[in-house]
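As they're listed, the protein sequences go chains A and B.
Position in the first sequence (first residue = 1) + 98 = the numbering used here.
Position in the second sequence (first residue = 1) + 43 = the numbering used here.
Ideal placement from N, C-alpha and C gives every residue a C-beta, glycine not left out.
Predicted model only: the values in this text are computed from it and were never measured.
Inspection log for the structure reproduced underneath, given as structure tokens.
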Amino acid sequence: AQSVTQLDSQVPVFEEAPVELRCNYSSSVSVYLFWYVQYPNQGLQLLLKYLSGSTLVKGINGFEAEFNKSQTSFHLRKPSVHISDTAEYFCAVSVTSSYKLIFGSGTRLLVRP
Amino acid sequence: NAGVTQTPKFRVLKTGQSMTLLCAQDMNHEYMYWYRQDPGMGLRLIHYSVGEGTTAKGEVPDGYNVSRLKKQNFLLGLESAAPSQTSVYFCASNPGGNYGYTFGSGTRLTVV
């Protein structure tokens, strides 16, 4: 079975500072990896995804993530955050032969002025 | 371009009451899903469907039933609501493959 771990439940950061949100996964088979963002009282929006190819994936709003197979990680980064990035971020994994997304518990990014 | 529409957006039920949540998508997607979101637990898959007329159990199916009589609709039913089913419910759809899932805006359900 697959699982996703987001160790940080909340990450406070000052505006214009860099941020990294951590995601580790467990799977015995190949996986696809996703990051979603959820703004208050809204549904989830896809930030970026890794399916294959380059391990550095760029997404919307200046976010990027790097797939590290040896460390089974898919950490999300942004070099300079804005107040508007305050939201909850979810890492998710999907087995290549399945179309079910398994989510982590989420990380709340709190950007302070 | 509506995407995925969930109705209702809010609902309060008394313990033991029943209700149906409707999810409708206009993208001709084959796959549809129901998730529940609880604080600190992320989203957990309740049931899903891989096409019209099919349904399958996810991680937390107990207490819920689903139906997909039409490709564009995926219904989630609670036959006898319990306080433990207080949650935010999200529907999602996927065309097949791993191109990304489209989520609805959620239904906030409170069972008292």
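Practice item. Could you tell me whether any Cβ in chain A is nearer than 8 Å to the Cβ of B/ASN137? Key: yes
Rank B/GLU73, B/ARG151 and B/THR50 by C-alpha distance to the C-alpha of B/LYS114 and give the top, closest one. Looking at the Cα atoms, B/GLU73 is the closest of the given residues.
| query | chain B beta carbons: is any one of them nearer than 8 Å to that of A/PHE201? | reply | yes
Checklist line | the region 151–171 of chain A in contact with the region 44–54 of chain B per 3-pair CB rule at 8 Å | finding: Between the region 151–171 of chain A and the region 44–54 of chain B, the count of Cβ pairs shorter than 8 Å is below three; the stretches do not touch.
ask   = Taking Cβ-Cβ distances shorter than 8 Å, what residues in chain D pair up with A/SER107?
value = The chain labelled as chain D is not found among the protein chains of the depicted structure, namely A and B.
task = Let me know the secondary structure DSSP gives B/GLN128 once reduced to three states.
result = helix
Notebook entry, point to check: For the 8 Å Cβ check, are there 3 or more pairs between the region 186–205 of chain A and the region 114–126 of chain B?
Noted result: These segments do not touch.
query = Along the chain, where does the beta strand (DSSP E) that runs through B/ASP81 open and close?
reply = 74–81
Please confirm whether A/GLY157 has its beta-carbon closer than 8 Å to some beta-carbon of chain B.
no
- Message: Does B/THR153 pass the burial test, meaning 16 or more other C-beta atoms within 10 Å, or should it be called exposed?
- Response: exposed
Q.
Do A/GLN108 and A/CYS189 count as a contact pair if the criterion is CB distance below 8 Å?
A. no
task: Give the straight-line distance between the Cα atoms of A/PHE112 and A/LYS176, rounded to the nearest whole angstrom.
output: Going by the C-alpha atoms only, they are around 13 Å apart.
query: In angstroms, rounded to a whole number, what distance separates the CA positions of B/ARG79 and A/SER150?
result: 29 Å
Reduced DSSP secondary structure (H/G/I, E/B, other) of A/GLY157: coil
(request) Taking only the alpha-carbon atoms, compute the straight-line gap between B/THR150 and A/THR205 and give it to the nearest angstrom. (result) 21 Å
### Query
What is the DSSP secondary structure of A/SER125, reduced to helix, strand or coil?
The answer is coil: DSSP assigns A/SER125 none of H, G, I, E or B.
Below 8 Å on the Cβ atoms is my contact criterion, and I expect B/THR63 with B/ALA125 to pass it. Report the Cβ-Cβ distance as a whole number of Å. In this structure, B/THR63 and B/ALA125 do not form a Cβ contact; the two beta carbons are roughly 16 Å apart against a cut-off of 8 Å.
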